[in-house]
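Below is one structure, written out as structure tokens; the observations come after it.
Residue numbers (the numbering used here), protein chains in the order written: chain H, -12 to 318; chain L, 340 to 622.
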């Protein structure tokens, strides 16, 4: 009885998010392809963000290869279909599995060589850049800078179509459920232990290495799946679709903005930045400057995310209003 | 073959010069300055703008070096202060993220203001023959400057009291503080030095070809590779790694193909981290 109520409460934020996402098109932008494509982009980044959050926010592995993992999913799926004429679903499955494998492997290497946060960051960054070069080099397979037109792209799931919107909204909700389920299980307990203090977690019997690889594999699968579906809904991919400066920087900023390791952090971050992007339709360079300023401000002043800063401010204000007569000292 | 290796050495000296500014700052406090490439570009753009006003090349170059050093000091005095209050991995991570932000701010402002900005310093003269291989004067000058910088840095860190103080901080920050060395001051000086080196890189890079305004991240990447392979914090290591990678780069570009060379260089960095995380000459 008690557990069902706990689970209900744990799923409440996801249910609210799903409800908001479900009614958003009809109350706001259902008939504007431009706004729909912005919303789809926000959903895609929120989905990337959940995957990245699982890897970095939960187990402290700085994966600077979100774009590359999504690219493994996207290019893997599209190239497989082009070469073999298997159905689209097979491509998505293979692309996702490929990304999961690569992410798991990177994590396995990092864990085996006990690389710190920085070296994990450098190795994954190196992987990102090498992957980008590979895309440019394998011209016959990837079309290099010109990109690939996805001939098998699905009708009515385009990224400026409400169908595409619901596809990614469903994907995001599914990811959130997986994230919450992991948090509630023994895996989530291990994640918290190893994030707070790795040595203590190891001493308490948590197999740190195994849980890190779990997190990286699941998170990379999410990123790869998103990348593969994006390829089909957009109908066209190029190295820029999955490039480091377009994907990774943004994901890092929006997850940090929403709050590392929190359930809804990536969703809130993606939403805020989508609105910001729409408002700031100035030059690309100035937007880059603004992103830089955001990164600096977030990490200087809101280390635990802007959302948690607002929440704790609210807590402090409401606590002051209803001060109990007797309060234990300290705290 | 001889020409390819010689080309590689010239390229490698440029790599070494590029890496040494980053490796010094990392060695001194664990901050990987991801804005390094953008500081190089800033130096280049300053030189370009000043030269357009008709100032002599040498004077413009000096101004560019000073500007790059100035921006580096500014970074140290503002963004780096909260970073150095942290310790260990927290410090490195915060440093990484804040300098990434700074890279976007500097790079974005420069590309916004000078979208087609590029610096090319034309060094005229007939190609000089070295062991039977004709070499362009510009790249020879760049190599001579790189070698001179390497020599000066090695003498500075080996012989002067200040240089020894710097090395003592690299070895043990708390210990250095205990014997009366002020790490904050030394760090500011090293940041200035690193910025000046970035300015010199801007000059030498633009002697063999135009250095464009959007090359920042590429420069940072190569500096990072050199730093990792050479050993974090080692001046000699940076130049050794630079030359090694330069020769590998020319050989693979010549015998395999251009696009594969970047992958090989990146692979070298990854392999170094996995096999010998301290780098070639790191402690």
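From the three backbone atoms N, C-alpha and C, an ideal C-beta is built for every residue, glycine too.
- Collapsing the DSSP output to three states places residue 435/L in a helix.
- Counting only residues of its own chain and dropping the five nearest sequence neighbours on each side, residue 472/L has a CB closer than 8 angstroms to the CB of 341, 342 and 345.
- Beta-bridge annotation (DSSP): residue 616/L is not paired with any residue.
- Looking at the backbone, the Cα of residue 18/H and that of residue 263/H are separated by about 21 angstroms.
- In the three-state scheme derived from DSSP, where H, G and I count as helix and E and B as strand, residue 45/H is classed as helix.
- Between the alpha carbons of residue 208/H and residue 87/H lies a gap of roughly 4 angstroms.
- Membership of residue 468/L in the beta strand (DSSP E) is indicated by the continuous run 467 to 469.
- DSSP, reduced to helix, strand and coil, places residue 340/L outside both helices and strands of the structure shown, so it counts as coil.
- Counting only the Cα atoms, residue 189/H lies some 44 angstroms from residue 447/L.
- Within the same chain, and ignoring the five residues on either side of residue 11/H in sequence, no residue has its Cβ closer than 6 angstroms to its Cβ.
- Within the DSSP bridge table, the entry for residue 26/H names no partner.
- In the structure shown, residue 289/H falls within a coil segment according to DSSP collapsed to helix, strand and coil.
- Residues of chain L with a Cβ closer than 9 angstroms to the Cβ of residue 62/H do not exist; the shortest Cβ-Cβ separation is about 16 angstroms.
- For residue 415/L, same chain residues with a beta-carbon under 7 angstroms away, outside a window of 5 residues either side, are 526, 527 and 530 in chain order.
- Interface criterion met: the Cβ of residue 431/L is under 7 angstroms from a Cβ in chain H.
- Close partners of residue 110/H in chain L (Cβ separation under 9 angstroms): 608, 609, 612 and 613.
- When C-alpha distances from residue 286/H are compared across 505/L, 606/L, 435/L and 538/L, the shortest belongs to 435/L.
- The shortest CA-to-CA distance from residue 46/H to any of 7/H, 294/H and 184/H is the one to 184/H.
- The residue from 2/H, 245/H, 79/H and 13/H with its alpha-carbon nearest to that of residue 148/H is 13/H.
- Among the residues facing chain H, residue 602/L is included, as its CB has a counterpart in that chain under 7 angstroms away.
- Contact annotation: in the region 555 to 570 of chain L, residues whose CB is within less than 9 angstroms of a CB in chain H are 556, 560, 563, 564 and 567.
- Under the three-state reduction of DSSP, residue 550/L is assigned to strand.
- Cβ neighbours of residue 381/L within its own chain (closer than 7 angstroms, five residues either side excluded): 406, 407, 410, 445 and 449.
- Close CB contacts of residue 584/L within its chain, under the 8 angstroms cut and outside five residues either way in sequence, are with 351, 354, 564, 565, 568, 604 and 607 (chain order).
- Residues of chain L with a Cβ closer than 7 angstroms to the Cβ of residue 270/H are, in chain order, 451.
- Between residue 43/H and residue 247/H, the beta carbon gap of about 7 angstroms places them in contact (Cβ cut-off 8 angstroms).
- Interface residue (Cβ-Cβ distance to chain L less than 7 angstroms): residue 229/H is not classified as such.
- With 16 or more other Cβ atoms from the protein chains shown falling within 10 Å of its own Cβ, residue 602/L counts as buried.
- For residue 226/H, no beta strand (DSSP E) run applies, since DSSP gives it neither H nor E.
- For residue 158/H against residue 71/H, the beta-carbon gap comes to about 25 angstroms, at or over 8 angstroms, which does not count as contact.
- According to the DSSP secondary-structure assignment, residue 457/L is paired through a beta bridge with 551/L.
- Rounded to whole angstroms, the Cβ separation of residue 493/L and residue 574/L is 6 angstroms, and the two are in contact under 8 angstroms.
- Comparing alpha-carbon positions, the option among 305/H, 170/H, 187/H and 83/H lying closest to residue 63/H turns out to be 83/H.
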